[in-house]
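Numbering (the UniProt record's numbering), first residue to last: 1 to 83.
In what follows, a single structure is set out as structure tokens and then discussed.
Shown next as structure tokens:
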């Protein structure tokens with residue numbers, strides 16, 4: 001997911017999002033959201049708020065935030081606060 005976001009960011013900077021299969025990127029990103037709203041970074045399953053950021057940012061750049069459960073993602077982030 002980290003590399004996916006990096007690729008989308010670079011392509012967005014060059015205004016070349018047309019160079020990727022947006023639907024495939026969205027499907028991949030959506031597949032990484034867990035029941036608690038978090039995102040795993042890859043097939044090995046590590047959960048971290050970094051991956052939630054990557055997923056949300058990636059989908060935001062692609063104008064596809066509605067593809068995930070945003071409320072669950074927000075709830076996950078809020079559950080990680082430690083102050």
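Beta carbons: idealized from backbone N, C-alpha and C, even for Gly.
For this session: For the alpha helix (DSSP H) containing residue 81, list its first residue and its last residue.
Result: Start at 1 with the first residue of the chain shown, and residue 81 comes out as number 81. No alpha helix (DSSP H) contains residue 81, which DSSP labels as neither H nor E.
Exercise. Ordered along the chain, which non-local residues of its own chain (more than five positions away) have a Cβ less than 8 angstroms from that of residue 69?
Worked result: Numbered from its first residue, the chain shown carries residue 69 at position 69. Excluding the 5 residues flanking it on each side, residue 69 has same chain C-beta neighbours closer than 8 angstroms at 33, 37, in chain order.
For this session: Please report how far the alpha carbon of residue 14 lies from the alpha carbon of residue 50, in whole angstroms.
Result: Within the chain shown, numbered from 1, the residue matching residue 14 stands at position 14. Within the chain shown, numbered from 1, the residue matching residue 50 stands at position 50. So the alpha carbons of these two residues sit roughly 24 angstroms apart.
Problem set entry | Burial state of residue 80 (16 or more Cβ within 10 Å) | Here residue 80 refers to the residue found at position 80 when the chain shown is read from its first residue. Taking all protein chains in view, the Cβ of residue 80 is surrounded by fewer than 16 other Cβ atoms within 10 Å, so the residue is classified as exposed.
Problem set entry | Helix, strand or coil at residue 9 [DSSP, three-state] | Against the chain shown, residue 9 aligns to sequence position 9. Helix at residue 9.
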